[in-house]
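>
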Amino acid sequence: EEQYNKLIDNGIYPKYRHTACSAAVLSYPETIMDMVRVGISQYGFWPSMETYMDVCKNAGDRSVNPLRRIISWKSKVMSTKFVKAGDFIGYGTVFMATRDTWAATVPVGYANGFARVLSNSGVALIRGIRASVIGMVNMNMMMIDTTDIGELEKGEEVVLIGPQGQEELTVASFGKMSNLLNYELLTRLPLDIPRYIMES
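Here my numbering runs 9 ahead of the position in the sequence shown, where the first position is 1.
#1: Starting from the Cα of Leu161, find the closest Cα among Tyr25, Ala112, Leu195 and Arg108 and give me that residue.
#2: Considering only the beta carbon of each residue, do Ala133 and Val168 sit closer than 8 Å?
#3: Taking the alpha carbon of Leu194 as the reference point, which residue from Tyr25, Cys30, Met87 and Tyr52 has its own alpha carbon closest?
#4: Helix, strand or coil for Phe91? Go by DSSP, reduced to three states.
#5: Could you give the DSSP three-state label for Leu8: helix, strand or coil?
#6: Once DSSP output is grouped into helix, strand and coil, what is the label at Lys85?
#7: Distance, Cα to Cα, Ala140 vs Gln173?
#8: Three or more beta-carbon pairs under 8 Å between the segment 26-43 and the segment 55-72, yes or no?
#9: What does a CB cutoff of less than 7 Å around Glu165 pick up in its chain, not counting 5 residues either side in sequence?
#10: Going by C-alpha distance, which of Met105, Lys163, Gly171 and Asn188 is nearest Val126?
#11: Comparing C-alpha positions only, which one of Ile49, Ile202 and Met44 sits nearest to Asp77?
#12: Leaving aside the five residues before and after Gln12 along the sequence, list all residues of the same chain whose C-beta is less than 7 Å from its C-beta, in chain order.
#13: In three-state DSSP terms, what is Glu130?
#14: Pull up the DSSP beta-bridge partners for Asp159, would you.
#15: Mind checking which residues open and close the alpha helix (DSSP H) that includes Leu194?
#16: Under three-state DSSP, which class holds Met105?
#17: For Ala120, which three-state DSSP category applies?
#18: What residues are listed by DSSP as bridge partners for Ala29?
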């Protein structure tokens with residue numbers, strides 16, 4: 010407000026006043042002027058743990074969460090393959106099947122923002138069941154152990170982030186597994202991944 014008044018005193022009359030980002034909108038509502046710049050919060054994510062704690066403190070209830078996650082990341086089963094116990098899956102000897110295994114190929118890899126560090130440790134949802142990433146995450150594909158899910162059809166939905174059935178993979182949990190901040194993860198999703206706006 011003080012800086013705005015200085016502009017007025019110098020004969021400068023801005024059409025719009027704007028100072029607040031996501032964190033300021035949530036923690037310091039008095040900074041809201043004519044416009045706000047909501048970045049990460051428009052997708053339902055907290056800009057920081059401090060902001061979340063501020064809102065909880067002001068509400069007097071830690072269970073209060075005015076933000077609702079609206080982003081999900083999905084792909085489809087490209088193919089399935091039966092692998093015998095003792096055989097290796099993917100490049101090198103990163104993963105050896107310890108039992109007869111059904112593996113689904115999913116056309117997502119590190120070039121699409123699915124971190125390579127999630128090789129042998131990432132998870133996905135298929136038919137509402139958590140399934141493990143097995144083998145090395147390639148540039149544009151990965152393999153998922155679907156043995157406990159049952160026989161799959163080509164084209165079945167695979168959820169990498171978001172809800173499916175009674176389960177959900179959150180951006181926070183994905184970020185924790187891959188050691189990425191929410192901001193990093195969201196900005197690493199390349200523009201060639203199709204975006205769809207769905208009605209709730």
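Glycine is no exception: its CB is placed at the ideal position from the N, C-alpha and C atoms.
Taking the coordinates as given:
#1: Check the Cα spacing between Leu161 and each of Tyr25, Ala112, Leu195 and Arg108: the tightest is with Ala112.
#2: Contact flag set, yes.
#3: Per the Cα distances, Tyr52.
#4: Three-state result, Phe91: strand.
#5: There is no way to answer for residue 8, as the model of the chain reaches only from 10 to 209.
#6: For Lys85, the three-state secondary structure derived from DSSP is strand.
#7: Using only the alpha carbons, I get a separation of about 12 Å.
#8: The segment 26-43 is in contact with the segment 55-72.
#9: Correct list, in chain order: Lys85, Val86 and Ile135.
#10: The option with the nearest alpha carbon to Val126 is Asn188.
#11: According to the sequence provided, residue 77 is Arg. The question's Asp does not apply to it. Nearest C-alpha to Arg77: Ile49.
#12: Answer for Gln12: no residue qualifies.
#13: Just to set this straight, residue 130 is Ser in the shown sequence, not Glu. In the three-state reduction of the DSSP assignment, Ser130 falls in the coil class, being assigned neither a helical nor a strand state.
#14: Asp is not the amino acid found at residue 159; the sequence shown has Gly there. Paired residues: none, contrary to the question.
#15: Asn191 to Thr196 is the span of the alpha helix (DSSP H), which, as asked, contains Leu194.
#16: Residue state, collapsed to three classes: strand.
#17: Judged by DSSP in its simplified three-state form, Ala120 adopts helix.
#18: Answer is Val45.
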